[in-house]
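Novice:
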Amino acid sequence: MLKKKDSWTTKEVQDLIKKEFGAGYSSWQVRRILKSFGMKYAKPYQKDYRRPENAEETLKRTALRDGAPCYARAKLE
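Residues in the sequence shown are numbered from 0 upward in steps of one, following numbering that gives the first Met the number 0.
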């Protein structure tokens with residue numbers, strides 16, 4: 000059931016448990032249950048909505064083209 004998505008929030012798992020089994024758990028209990036299954040807890044990080052999808056590729060291409068890592072170029076400019 001949890002394999003349908005790569006990452007889940009505690010709230011999403013709470014809602015799924017409530018929908019599938021009719022049992023209500025607090026977020027603390029859900030984290031504890033998931034930990035007992037061997038799942039790891041990770042805090043989500045915000046994504047910058049302005050960042051293009053290919054930002055990492057562009058950065059790598061630019062660094063390779065200019066022959067120096069980005070941080071080195073920044074010091075030279």
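For each residue, glycine too, the CB sits at the ideal point set by N, CA and C. What you are looking at is a predicted structure, and each value in this text was computed from that prediction instead of being measured.
Mind reading off the beta-carbon distance from THR9 to SER35? Whole number of angstroms is fine, and I expect it under 8 Å.
Specialist: Actually they do not touch by this definition, with Cβ atoms about 14 Å apart.
Novice: Under DSSP, the alpha helix (DSSP H) around ASP47 begins and ends at which residues?
Specialist: First-last for ASP47: undefined, no H or E at that position.
Novice: Grab the span of the alpha helix (DSSP H) containing LYS3 for me, first residue to last.
Specialist: Premise fails: LYS3 is in no alpha helix (DSSP H) and is neither H nor E.
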